[in-house]
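In this note's numbering, the protein residues as written are 65 to 314.
Every residue gets a Cβ at the ideal spot worked out from N, C-alpha and C, and that includes glycine.
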Amino acid sequence: MTRTRVSLRRLFAAGLTVAATAAAALVATAGPAAAATTAGVDVSHYQGSINWTSVRNAGIEFAYIKATEGSSYKDPNFNANYVNAYNAGVIRGAYHFARPNISSGANQAGYLASNGGAWSADSRTLPAALDVEANPYSGGTCYGLSTTGMRNWIQDFLNTYRSRTGRYAVIYTTTSWWNQCTGSWTGPWANHPLWLARWASSAGTLPAGASVWSFWQYTSSGSVSGISGNVDRNYWNGDRSRLIALANNT
Numbered sequence: 065m066t067r068t069r070v071s072l073r074r075l076f077a078a079g080l081t082v083a084a085t086a087a088a089a090l091v092a093t094a095g096p097a098a099a100a101t102t103a104g105v106d107v108s109h110y111q112g113s114i115n116w117t118s119v120r121n122a123g124i125e126f127a128y129i130k131a132t133e134g135s136s137y138k139d140p141n142f143n144a145n146y147v148n149a150y151n152a153g154v155i156r157g158a159y160h161f162a163r164p165n166i167s168s169g170a171n172q173a174g175y176l177a178s179n180g181g182a183w184s185a186d187s188r189t190l191p192a193a194l195d196v197e198a199n200p201y202s203g204g205t206c207y208g209l210s211t212t213g214m215r216n217w218i219q220d221f222l223n224t225y226r227s228r229t230g231r232y233a234v235i236y237t238t239t240s241w242w243n244q245c246t247g248s249w250t251g252p253w254a255n256h257p258l259w260l261a262r263w264a265s266s267a268g269t270l271p272a273g274a275s276v277w278s279f280w281q282y283t284s285s286g287s288v289s290g291i292s293g294n295v296d297r298n299y300w301n302g303d304r305s306r307l308i309a310l311a312n313n314t
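Right, dumping it as C-alpha cells:
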C-alpha cells in the first residue's frame with residue numbers, strides 16, 4: 065500500500081494485465097459499477113497532508129490508515145490521519161504491513177494493538193487490518209517461509225490481535241499471493257473479513273476458501289478531493305449501516 069510496494073503488487077494482484085486504457089477509466093470514475101457498496105480509500109504518509117473534510121464531502125465514507133509495519137515502524141502521519149478522519153465523519157481503521165521474516169506474528173500484532181490498532185465501539189472504528197502480500201524487500205515473495213510457516217505466522221498474528229482487542233482482524237491480500245504463500249489456506253475466512261486487492265473492473269477469483277469479499281481495493285491510482293495525487297480506492301460490500309455494524313461488532 066505504499067509506493068515502495070507498487071511494482072511488486074502489480075506482479076501479484078490478479079488481473080493486472082488490464083490495458084492502460086482500462087486502468088485510466090478507473091481513475092476517471094468513482095470505480096466499477098457495484099450495487100449496495102460504500103466508497104472508501106486507504107492511505108499512508110505517502111499521501112501527505114489530507115483534508116479529511118473534503119474527502120468526506122467527496123463521498124468517501126471509510127478509510128484504512130497505515131499505522132505500523134513490522135515490529136518497530138509507525139507511520140508518521142497516522143495519528144493526524146486517524147483523528148482527523150474520525151472528526152470528519154469517516155469510519156476508519158488502522159492497518160499493519162506484515163513483515164513475517166523479522167519477528168513473530170504475536171509480536172507484530174501486539175505492536176499494532178499498542179500503536180493505533182486498538183478498538184472501541186464508537187460507530188467509526190473498524191477492526192484493524194493485516195496487510196499480508198508480496199515481500200517488497202529482500203527475502204523472497206513469501207518472506208522465506210514455507211506454506212506451513214506462513215499459516216502459523218498469520219494465525220499467531222490473528223490470535224494475538226483478537227486477544228488484545230476482542231475483534232477479528234480484517235485480512236488484506238491478493239488471491240495469487242495468498243494461494244501461493246499459504247498453500248491455498250482456507251482457515252481464516254470463517255471469521256476474518258477479506259479485503260481483496262485486485263486492480264480491475266471486477267473482483268475476480270477470491271483466495272481459496274473465501275466465499276465473499278468484504279472490502280475490495282480496485283485501483284491504486286484513484287483521485288479524491290482533499291488528497292493530493294493518486295490514492296488507493298476501495299469498496300465495502302454493503303451500505304453504510306452494515307459498515308457501522310462491522311465497526312461496532314453488532
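Could you tell me the alpha carbon to alpha carbon distance between residue 281 and residue 103, rounded to whole angstroms? 10 angstroms
Outcome for residue 314 when other beta-carbon atoms lying within 10 angstroms are tallied against a minimum of 16: exposed
Out of 151, 109, 254, point me to the one whose CA is closest to residue 375's CA. Here the chain comprises residues numbered 65 to 314, so residue 375 is not present and cannot be evaluated.
Can you list, in chain order, the residues of its chain with a C-beta nearer than 6 angstroms to that of residue 196? Leave out the 5 residues immediately preceding and following it. 162, 237
Residue 172 and residue 202: beta carbons closer than 7 angstroms? no
7 angstroms Cβ cutoff met for residue 272 and residue 248: yes
Please state whether DSSP places residue 88 in a helix, a strand or coil. Bear in mind that a pLDDT of 32 at residue 88, under 50, signals an unreliable position, so the number given afterwards is only what the model happens to contain. Correct three-state label for residue 88: helix.
Of the residues 167, 235, 308, 304, the one placed nearest residue 277, counting alpha carbons only: 235
Give every residue of the same chain whose Cβ lies closer than 6 angstroms to the Cβ of residue 170, excluding the five residues on either side of it in the sequence, and list them in chain order. 220, 224
Once you ignore the five residues that flank residue 226 on each side, which residues in its own chain have a CB closer than 8 angstroms to its CB? 232, 233
Distance check for residue 107 and residue 284, CA to CA, integer angstroms please. 10 angstroms
Expressed to the nearest angstrom, what Euclidean distance is found between the alpha-carbon atoms of residue 155 and residue 217? 29 angstroms
Rounded to a whole number of angstroms, what is the C-alpha to C-alpha distance between residue 256 and residue 194? 10 angstroms
Three-way DSSP call (helix, strand, coil) for residue 237 in this model: strand
CB contact check: residue 228 to chain B, cutoff 7 angstroms: Chain labels in this structure do not include chain B; a single protein chain is all it has.
Can you tell me where the beta strand (DSSP E) with residue 297 in it begins and where it stops? 295-300
What separation, rounded to the nearest whole angstrom, lies between the Cα atoms of residue 312 and residue 123? 21 angstroms
Cα-Cα separation between residue 184 and residue 127, rounded to whole angstroms: 16 angstroms
Please classify residue 308: does DSSP put it in a helix, a strand, or coil? helix
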